[in-house]
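For the sequence shown, UniProt numbering gives the first residue as 1, with consecutive numbering after it.
Here's the structure we're looking at; comments come further down.
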Amino acid sequence: MITGLYPDSSWIETIRSSKNITFIPTLHMGNFLSLFKVDEILYILFEPKSTSPQQNTTPNTLLTIDEITPTVTALGDQARLTILTVLANHKELFAQEIINETGLHQSTVSRHLAVLESGDLLHVRKKGKTKYYSINKTTVEKTITFLNHIKR
């Protein structure tokens, strides 16, 4: 997705049938696209998003300080690190399997799973009444990138 916006559904067939599409960055378009076709060329006008650093943003990272704080907070406990280590060795586990693997009490595991989930470190898949947990590798990679940046 180049513009971050979706065209009106009435343009979908025109877009698909166009042999050439030219994107034209244009100021004052806001969150709108303007599309027009000349011969075989479809022109799409859009407003580019600002690439300047936002408040609380660290350059060259994917996460802002505000975005990484819940993740780093979730990593700051031995029990949560133990749960993550167990999950790293398995594709996916439900709570009772995590309890069995870690030896932690049920209420402790439940509380720490909630914190890890709020830090976006876990994917949660529900099947019936059972929740299955796995590591959110995207968040882990973004966190590593952030930490590597501040290591410099």
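All residues carry an ideal CB built from backbone N, CA and C; glycine is no exception.
As the structure is a prediction and not an experimental result, all values here were calculated from the model.
Cβ neighbours of residue i in the same chain (closer than 8 Å, five flanking residues each side left out)
i, result
"Thr-14", "Leu-35, Lys-37 and Leu-42"
"Ile-24", "Tyr-43, Ile-44, Leu-45 and Phe-46"
"Arg-152", "none"
Own chain residues within Cβ distance below 6 Å of residue i, not counting five before or after
i, result
"Ile-68", "Phe-146"
"Glu-92", "Tyr-132 and Ser-134"
"Ser-18", "Leu-42"
Among the options, nearest to residue i - alpha-carbon criterion
i, options, result
"Leu-75", "Ser-18, Ala-95, Asp-39 and Thr-139", "Thr-139"
"Leu-116", "Ala-88, Thr-71, Lys-129 and Gln-96", "Thr-71"
"Met-29", "Lys-127, Thr-130, Ala-79 and Leu-5", "Leu-5"
"Lys-127", "Ala-95, Glu-141, Pro-7 and His-149", "Ala-95"
"Asn-31", "Arg-16, Ile-21, Pro-48 and Asn-20", "Pro-48"
"Arg-21", "Asp-8, Asp-39, Asn-148 and Ser-10", "Looking at the sequence itself, residue 21 is Ile, so the reference to Arg does not match. Here the closest residue by C-alpha is Asp-39."
Per-residue burial, residue i [other beta carbons within 10 Å of its own, 16 or more giving buried]
i, result
"Thr-143", "buried"
"Ile-150", "exposed"
"residue 155", "The structure shown has nothing for residue 155, since the chain only spans 1 to 152."
"Asn-60", "Low per-residue confidence applies at Asn-60: pLDDT is 45, beneath 50, and the placement is therefore not dependable enough to give any value."
Expected contact under 8 Å - CB spacing of residue i and residue j to nearest Å
i, j, result
"Leu-45", "Leu-33", "7 Å"
Contact set for residue i: own chain, Cβ-Cβ below 7 Å, skip 5 residues either direction
i, result
"Ser-52", "Unreliable positioning characterises Ser-52 in this predicted model, as indicated by a pLDDT of 42, which lies under 50. A coordinate reading is not provided."
"Ala-79", "Leu-104, Thr-108 and His-112"
"Ser-9", "none"
Report yes or no: do the region 102 to 112 and the region 134 to 142 share at least 3 C-beta pairs separated by less than 8 Å? no
Could you say if the region 82 to 93 and the region 116 to 129 meet the contact criterion of at least three C-beta pairs nearer than 8 Å? Three or more Cβ pairs drawn from the region 82 to 93 and the region 116 to 129 lie within less than 8 Å of each other, which places the two stretches in contact.
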